[in-house]
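Structure, as structure tokens:
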Amino acid sequence: MITNRLKEILLKVKKRVFTGNLGNTLSTFKGTGLDFSEIKDYVIGDDVRAINWKSTAKGLGVKVNLFNEERELNVIIAYLVNGSINFGTKVTKQDAMAEVLGFLSYSALKNSDNLTTIFYDEQLEQLFKPTKKLGVLEDTIGYALNLDPIGKNVDYESFCTFLNSTVKKRSLIFLIGDFYGAVDLSTISHKNEVYALIVRDRFEENPSFKGDISLVDPITLSEDDMSLDKSSLKEYRRLLSEHDQELAKHFLKHKIKFGKIYSDDDKYIKISQILKG
Amino acid sequence: MLNQIVFEFPWVFLIIVPFILCQFFCKAKMGALYFPTVRFLKKATKKSLFLENILKYSIISLLLISLASPVIKDEISIKNDKGYEISLLVDASGSMAQNSKFDIVKEIVGDFLDKRVHDKIGLTVFGDFAYVAVPLTYDKKSIKRLLNRLQAGVAGSRRTALYEALFLSSNLFKNSHAKKKIAILLTDGMNNVENIPLDVAIKTLKKYGIKVYTVGIGGVGDFDPAVLGKIAKETGGKFFQANSKQRLKEIYDTIDKLEKSKIKANKYVKKRYLFAYPLSLALFFIVLLFFRKNRELA
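From first to last, the protein sequence lines are chains L and E. Residue numbering for the first sequence follows the working numbering, beginning at 1 and increasing consecutively. Residue numbering for the second sequence follows the working numbering, beginning at 1001 and increasing consecutively.
Structure representation (structure tokens):
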């Protein structure tokens, strides 16, 4: 089903990515190739064909050339379906995440990388098999736009287990979600290159509710009457930033690159910034 | 002090049951919206929610307490009992002071009061003029206290306003609903105040249906047996003569053995209503809650 929003996202993605150079510097894997990276000391096991005789002749030990690996990358984009993504002031986070998914997918496909798209909540929701065909874009973005996240909760542990069991090759893994749950990505981070794209809405980080309000938790679906005042909102912001700091600590510890994208941001620019570090 | 506080309408406390039920089952419907981080919000509002709930529950309980009307009761309620409404008319003219007649009368009337626990009793004293010392009441203590303070001559010592006393005391029964009303007239003299004629006094007595027992004390010639007899006869009472303490006591005992009429018992309970205190506290809390809510909106 091609909706207007899907068309809009596809057009936007193609235009921006086609003119930009996103994805050119995606890989940091070292290996054989033509793209020279650096010279390093020879270690037993290194390919003798890569010995740089000029540097070695200078007398500081045997040196080898190191190249950026030129191989087709295994790109996995995981769209984390949590109940909380059904929220947004200008566009919903679900929508914004679909856009992010579009940018990443298109760049990967343009680079003719192998693209796998995963939708995950408590278990595997939907898996789009590895492909290099642009046609998959419509399916994945369409799926992202039309899914119903209410009542779903991402189980990060089972997600990591699933990834480890299905993905054998070293991969570039993009996680798109709002990361409100108990995030633990330690088991996938050391083997793969993981990017966490935290999609948030500005209002949820800085709500300006006043007085009595009835709010429904999109995961547990329990309704709660709250009366909010300045001090409790302040406390809320403190709790949230505490959670985010915890999250950042976890990402830094496991060398996961991460960045926040607000639902009303220019996603292309934000993604480029995050990928370039 | 505290254990004397009783609630007039304790069943009002049952209202707390629907209130608590409503807390869970009939919440005010508000437009609810999905919010991703309810978890954090809940944690953040925990303290203020707790405070608000305390306020809310103390308001409702204080309101219920005041609605249940706490009172301090000073006297026991009098049961709906068979009894009289009795007006005692005591002659306090100067002549009563002789031979300590008045003291004897006081003693006997006091005994009589003790016997009539469940009766409403009034006391009228007459001398130069007549006055109602105590209107009809269950409060025997006050009557006794007043009786003890009475002395012969308190209402003037020269004359005897007998008819006026009858007239006045019959007015006591104006609002009475008792079936049988009784007046006991005790005198040792003759009427010599001419402001109320005898037939007017008797007419008033009859009008209210008051039975008058007349007691003449002293020797022959001290009182007018014809008049006293007439009053008793006309109103359906009886006329007694007494010339000794013993006889007087017998007379009162006889009267005491009269048939009993059922009177509507009024609860003569001194109550101090205390509802104002919890009510004002509840109002104070409501204002507090109101300001809290207003602050949230600010």
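The beta carbon of each residue, even a glycine, is placed where N, CA and C say it ideally should be. Since this is a predicted model, take the numbers as computed values, not measurements.
Test: residue i CB closer than 8 angstroms to a CB of chain L
i, result
"residue 1034(E)", "yes"
"residue 1041(E)", "yes"
"residue 1038(E)", "yes"
"residue 1052(E)", "yes"
"residue 1048(E)", "yes"
"residue 1272(E)", "no"
"residue 1137(E)", "no"
"residue 1293(E)", "yes"
"residue 1056(E)", "no"
"residue 1307(E)", "A query on residue 1307(E) cannot be resolved here, the shown segment of chain E reaching from 1001 to 1298 and no further."
"residue 1027(E)", "yes"
"residue 1044(E)", "yes"
Where residue i falls: helix, strand or coil (DSSP)
i, result
"residue 223(L)", "strand"
"residue 128(L)", "strand"
"residue 1084(E)", "coil"
"residue 1274(E)", "coil"
"residue 1188(E)", "coil"
"residue 1068(E)", "coil"
"residue 1241(E)", "strand"
"residue 1252(E)", "helix"
"residue 244(L)", "helix"
"residue 1024(E)", "helix"
"residue 214(L)", "strand"
"residue 37(L)", "strand"
"residue 1219(E)", "coil"
"residue 174(L)", "strand"
"residue 1007(E)", "strand"
8 angstroms Cβ cutoff met for residue i and residue j
i, j, result
"residue 113(L)", "residue 72(L)", "yes"
"residue 121(L)", "residue 154(L)", "yes"
"residue 1121(E)", "residue 1086(E)", "yes"
"residue 1090(E)", "residue 1273(E)", "no"
"residue 1213(E)", "residue 1182(E)", "yes"
"residue 88(L)", "residue 229(L)", "no"
"residue 261(L)", "residue 104(L)", "no"
"residue 219(L)", "residue 84(L)", "yes"
"residue 1248(E)", "residue 1108(E)", "yes"
"residue 9(L)", "residue 151(L)", "no"
"residue 1186(E)", "residue 1144(E)", "no"
"residue 173(L)", "residue 197(L)", "no"
"residue 1052(E)", "residue 1295(E)", "no"
"residue 158(L)", "residue 192(L)", "no"
"residue 265(L)", "residue 1036(E)", "no"
"residue 1110(E)", "residue 1147(E)", "yes"
"residue 1217(E)", "residue 1178(E)", "no"
"residue 1271(E)", "residue 1140(E)", "no"
Nearest to residue i (by Cα), restricted to the options the options
i, options, result
"residue 1203(E)", "1191(E), 1216(E) and 1164(E)", "1164(E)"
"residue 1283(E)", "1038(E), 1068(E), 1061(E) and 1124(E)", "1061(E)"
"residue 14(L)", "50(L), 149(L), 259(L) and 99(L)", "99(L)"
"residue 1160(E)", "1219(E), 1223(E) and 1253(E)", "1223(E)"
"residue 1210(E)", "1219(E), 1233(E), 1142(E) and 1049(E)", "1233(E)"
"residue 1156(E)", "1096(E), 1112(E) and 1025(E)", "1096(E)"
"residue 226(L)", "80(L), 234(L) and 214(L)", "214(L)"
"residue 1115(E)", "1275(E), 1255(E) and 1130(E)", "1255(E)"
"residue 276(L)", "266(L), 258(L) and 265(L)", "258(L)"
"residue 1180(E)", "1288(E), 1084(E), 1069(E) and 1018(E)", "1084(E)"
Integer Cβ distance of residue i from residue j, believed to fall under 8 angstroms
i, j, result
"residue 115(L)", "residue 131(L)", "6 angstroms"
"residue 35(L)", "residue 61(L)", "The Cβ separation is near 24 angstroms, so there is no contact."
"residue 254(L)", "residue 189(L)", "4 angstroms"
"residue 1125(E)", "residue 1150(E)", "6 angstroms"
"residue 90(L)", "residue 263(L)", "6 angstroms"
"residue 268(L)", "residue 16(L)", "4 angstroms"
"residue 95(L)", "residue 145(L)", "7 angstroms"
"residue 1047(E)", "residue 239(L)", "Not a contact, Cβ separation roughly 12 angstroms."
"residue 1285(E)", "residue 1066(E)", "Wrong, their Cβ atoms sit about 12 angstroms apart, outside the cutoff."
"residue 1008(E)", "residue 1092(E)", "In fact, because the Cβ distance is near 42 angstroms, the residues do not count as touching under 8 angstroms."
"residue 1016(E)", "residue 1064(E)", "6 angstroms"
"residue 79(L)", "residue 119(L)", "5 angstroms"
Distance cut-off 7 angstroms: residue i Cβ against heavy atoms of the ligand FMN
i, result
"residue 1027(E)", "Ligands are entirely absent from the displayed structure, and the ligand FMN is therefore not among its contents."
Interface flag, residue i vs chain E, CB-CB below 8 angstroms
i, result
"residue 79(L)", "no"
"residue 86(L)", "yes"
"residue 23(L)", "Residue placement at residue 23(L) cannot be trusted, given a pLDDT of 48 that sits under 50; the coordinates are not used to answer."
"residue 154(L)", "no"
"residue 226(L)", "yes"
"residue 282(L)", "The structure shown does not extend to residue 282(L), since chain L is modelled only from 1 through 277, so no value can be given for it."
"residue 223(L)", "yes"
"residue 214(L)", "yes"
"residue 246(L)", "no"
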